[in-house]
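Protein chains in written order, with this note's numbering: chain A, 33 to 347; chain B, 280 to 596; chain C, 24 to 444.
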C-alpha cells in the first residue's frame, strides 16, 4: 500500500501506527482530505507521484495481460498465418481471409448459436439453482446441513475425466445421447456456484432478514427481495464463470455430440487442428470469435458488479 | 408464476401461536424449515445427484475392475488400489501436483488481491483495466501455452533474454525436468490472476463503505484499514478462493497437457494428467478410477481441514 | 419495490424453465435425424473417421455420394473427428455401445480393437483389389477384421537451393547414413540459423532406423523386446547425435507445433525426414525442393503409415457396412479422388492406377514415394501399443537431452516394454 495515503503524514498529532481506537478526536480536516482524494483535486503532491506510479504499474501489467489477445488478433489477420519467428504485433498486408475460411469451412453461425444457447441456459439455471441452494445453506437451520453441504462440495472433487465415461453410458441408457438436453444437463447446477453465493450471503448482515421476518415475510420472499439484491456482485461473478465454463467446455460435448447440428464452438475449433499441420491464422480467428462473447458477458456483468453497490443501501 | 403463488398462499414464517405447546411448536417449526430446505435445495440437488453423484458411484464401481473401455470389465477387487499405493509413479504425480499448488497459490492469491484492491479504487479507465486483466482467463489454453512457450523459450525467449541481460542464470524452463513445473506455474498464475481478482472484487464491493469512513475518522492509516477492515471482511471471499483453488489445484490438467504434456521425462505429470492417460490412452480405466478416488480422499481431507479451520479466521456477518 | 423484485425473479426462473423445456423439445428433432432406419427400407450406415478432418471433408462426401448412387437403399452418415480427440471419442462410444457401424483405425491401434472383440470379421471383401501387404496388415490370426483405406510413407525431403548454394551433392536413392551425416554437417550454418537435418526422436523414427540397421524391435514370437542390441544402439545413437549438432534441440524449439514444417518452409532446413502428407503445404515455396528414398544404414527401410476401415461387432447391418468400406477402400472413385486431392495413397493392387499421381510436381521425383514401398517396415504392434510408444519415445528423449546415456536409455526402454508384454 502506498505510504502517501496515510493521514498521519499530513496531519500533525496523528502518528502512523496509531490504532484506530485512540484517535477519536480527529479534526474534521482529515475527513475532508480523505473524501477529496476520490475526486482527484486537492490531493497532496506526494499522492500524485503515487498515483502516477500506480497508473504505470497497472498500465504495464495491463499490457502484459493484453499481449496474448492482441497477438491472437494480429495472427488471425496475418496472411499465411505462420507461427514461426515468435510472437509479433506487426501486420503486413492484413487480411480477413482467415475469418472467411473459418466461416466457409464450418457452419459457424449454427455453432455459435448452439454454444450461446447452451451457455445462456446453463447460466440461468445455475443462477436459480445456485442462489436457492446457497440461501438454504446460509440461512436455514436443518438437520444434516453440514453433511449435505459436504456432499455438494464432494461433487467438485472427482475429475471430469473419470466421470465422462459413466455419465455417457448413463445418458445412453436414458436414450438422451446427442441431444441438447444431454449437453446441458451436467451444468444445470454446480457446487462451485452454490459455494460462491453461500459465501456472499453469509456476509449479508442477519439483521436485515430478521427485520423482514418480523414483518411476516416468508423465506422465499426474504430470499428474493432481501438477499438476492444484496449479493448481486456475486451473482454477476457467477454469471461470468458459469457462462465461461459452459462456453469453453470440451470433453463432455466431444463424447456426447454426434450430429453436426449440435456441434459447439470448442468442438468446431478443434477440427481446425489437422493431424499433421495446422493453419494457425484460422485457429486464431476462431479463438478471437470465441473470446469476444465472453469478454462482452464480462463487461456486462462488470457494470452489475458496480451497480450492485447502488442497491446495497450501504453506500 | 408458481413461486408467486407460494409467496401468497403460504404465510410460512409467521411466529407460532401462543396456545400451541412449546414442544410441538418447535417440532412444527423444524418440519417447516425442513420443508423450506427441500424447496431451496431440490433444484440443485436433483441434477447434481443424477449427473454427478451417480457417475461418481459408477466410477467407484469401475475402480474395482480392470477395464479398457472396449471390452468387458473384469472384477479385481482392490487390486487397482493396491497397485497404485505401491507404484512409485503415484507418489511422483501427487508430488508434482502438490508442488504445483505450493508454487501457484501464493502467486495467484497475492497478485489477485493486489489487483482487486487497486482496481477497486477510483482509477481512470478501471473498467478497461478490469477487462484487460480478465482477458487471459477467457483465452484458451492452446493460445496461452503457445505464448508462454515462446516467452520461456530457453535459447531465445524474452524471459531468458532479460535474465541474460541482468547476468542471471537462464534456466531451460519447459525443456528441463527441474524447471518444467515452474513454467507451468508461471503461466497458470498469470492466466488465473483475473479469476481471483474478480472474486475478490465482488467481495470488496460488499464491504460497507461506512466502515472505512469510521476507520478514517479514527485516523487509521491505509495499511491499518486494509488489515483491520478489508482483510477481515474479505475473509469469506478469501475462504472461497482458498478452498476452490485447492480443489481445482489438485485437479490441474489443461495447462500441463498443452504446455509440457507431462514431460520432459514425466517431470511435470500431475494426477489428473495420469488419470487422463490411463483412461483414454492406455486402456486402464479401472486404475484411473481408483487413482481419482485416491485424489478424492486427499482433496476431501484438505478441504475438511479448511472448513474446520475457518472459524479461526473467517468472519461472517 | 419488493413486488417488482419478486416479479423480476419470477421472470428469471420462468426463463430458466423455458430454456430447459426448449432443450427437452429440441432433443426430439436432433435424435430423429440419426435414427438408423427410415421408413422406406433404406439402411443407414454410420462411418466415423479422422483422416477427412481439416481439408478432405468434401472429398469424403464425394465418395459417399458415389457409393450411395451405386448402392440404392444404403445411406452413409459420416462423422469426422480430429485425430487428437478421435480415440477418446471412439473408446467412449464403444464403452457406451453407441459406436458407429464402421470406423477408421490406424494400423497401430487396429490390434487393440481386434484383440478385444470389438470388430466384426469381414467375409465379403474381394481381397484381390488390395495390395497384399496392406491387406495383410489388417488381418489378425487368419481373420480379416479390416481393409486398408489409405497409406502414406516417409521420405527424405531436401531443399535443393540450399544444397546448390553450399555446393553439396544432391541426395540420391543410394545414399546411406554416412552420406546424410556429411551433407548435414556441411549444410548446418548456426549463424544463418540454417540446420542440416531434422528427424524426430521418437518411437516411430526409432523402429525404422532400427530396421535400417538390420535390427528387430521384438523377438520372433513377440514375447520380449529385442531392440537393446548392437543395431539398436546404433539406431538410437544416429538419432540422438543429430540433436544439437546438425539438428535443432528441444531448447531451440523442436517439438513445438509446426516447428519443423515452418523451418523447412522458410528455407532454413536442408534435409527433413517427414511424410508425403506435407506435399500439399509445400506446393509454392520460394526455393526448389525434392525428395529421395530415405537413406539406410546396412539396408533400406521406409516407414509406412496405414489407415484402415473396420466394421463394429455391434453393427446391425454388417453386410451393408462391408459394402461401404469395400467401396471406400478400393473403388476407382476413391482412388481417383485421393490422387486428385493428394489425400494419401489408395491401397489398390493395380499400380497403373497410380500413374497420374507421379505426374504432379513438386516434387520432381515422386517415383521415390513408390520406390520406398520396395523396403517397407510397419511399426511393431502390441495390445498396449500407446504405452509402448510413449515409453520408447520418453527414453529416447532422455538420451537426446543428455539425461541418460544411449545404452542406459535403451536398457530402461527394454525393461519398460517387457513389462507391457
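No residue lacks a Cβ here, since even glycine has one placed at the ideal position from N, Cα and C.
Since this is a predicted model, take the numbers as computed values, not measurements.
CB contact check: residue i to chain C, cutoff 8 Å
i             : result
residue 147/A : no
residue 349/B : yes
residue 200/A : yes
residue 144/A : no
residue 305/A : yes
residue 349/A : In this structure chain A extends from 33 to 347, so residue 349/A is not present and cannot be described.
residue 516/B : no
residue 269/A : no
residue 359/B : no
Cβ neighbours of residue i in the same chain (closer than 6 Å, five flanking residues each side left out)
i             : result
residue 282/A : 298
residue 109/C : 73
residue 283/C : 221
residue 367/C : 173 and 175
residue 247/A : none
residue 300/A : 138 and 143
Test: residue i CB closer than 8 Å to a CB of chain A
i             : result
residue 397/B : yes
residue 334/B : yes
residue 315/B : yes
residue 524/B : no
residue 73/C  : yes
residue 582/B : yes
Residues bridged to residue i [DSSP beta-bridge criterion]
i             : result
residue 266/C : 270/C
residue 175/C : 328/C
residue 163/C : 166/C
residue 290/A : Residue 290/A is not bridged to any residue.
residue 368/C : 174/C
residue 153/C : 371/C
residue 166/A : According to DSSP, residue 166/A bridges with nothing at all.
residue 128/C : 331/C
residue 70/C  : 101/C and 125/C
residue 319/C : 199/C
Interface flag, residue i vs chain B, CB-CB below 8 Å
i             : result
residue 117/C : yes
residue 259/A : no
residue 132/C : no
residue 272/A : yes
residue 285/A : no
residue 57/C  : Confidence is the limiting factor: at residue 57/C the pLDDT is only 41, short of 50, which leaves the residue's position unreliable, though a coordinate-based value still follows. No, residue 57/C lies away from the interface with chain B (no Cβ there is under 8 Å from its Cβ).
residue 275/C : yes
Where residue i sits in the DSSP three-state scheme
i             : result
residue 122/A : coil
residue 594/B : coil
residue 353/B : strand
residue 335/C : strand
residue 180/C : strand
residue 345/B : strand
residue 313/C : strand
residue 294/C : strand
residue 310/A : strand
Residues near residue i by beta carbon distance below 8 Å, same chain, minus five either side
i             : result
residue 339/B : 568 and 572
residue 584/B : none
residue 435/B : none
Contact set for residue i: own chain, Cβ-Cβ below 7 Å, skip 5 residues either direction
i             : result
residue 72/A  : Confidence in residue 72/A is poor, its pLDDT being 38 and thus under 50, which makes the residue's placement too unreliable to answer from.
residue 281/C : none
residue 107/A : 113, 312, 313 and 316
Open item on the list: Count Cβ pairs between the segment 265-283 of chain A and the segment 479-498 of chain B that sit closer than 8 Å; are there 3 or more?
Closed with: yes
TODO: Would you check if there are 3 or more beta carbon pairs closer than 8 Å linking the segment 217-230 of chain A to the segment 153-161 of chain A?
DONE: yes
Task: Inter-stretch contact at 8 Å, needing at least 3 Cβ pairs: the segment 439-456 of chain B / the segment 405-422 of chain B - done: no
Open item on the list: For the pair the segment 195-202 of chain C and the segment 156-174 of chain C, tell me if three or more CB-CB distances fall below 8 Å.
Closed with: no
- [ ] Mind the definition here: the segment 400-413 of chain B touches the segment 510-517 of chain B only if three or more C-beta pairs lie below 8 Å; say whether that holds.
- [x] no
- [ ] Give a yes or no on contact between the segment 320-330 of chain B and the segment 161-173 of chain A, applying the rule of three or more CB pairs nearer than 8 Å.
- [x] yes
Open item on the list: Can you confirm whether the segment 484-502 of chain B touches the segment 525-544 of chain B when touching is taken to mean that 3 or more C-beta pairs between the two stretches lie within less than 8 Å?
Closed with: no
Task: Segment contact, 8 Å Cβ cut-off, at least three pairs: the segment 547-562 of chain B with the segment 174-182 of chain A - done: no
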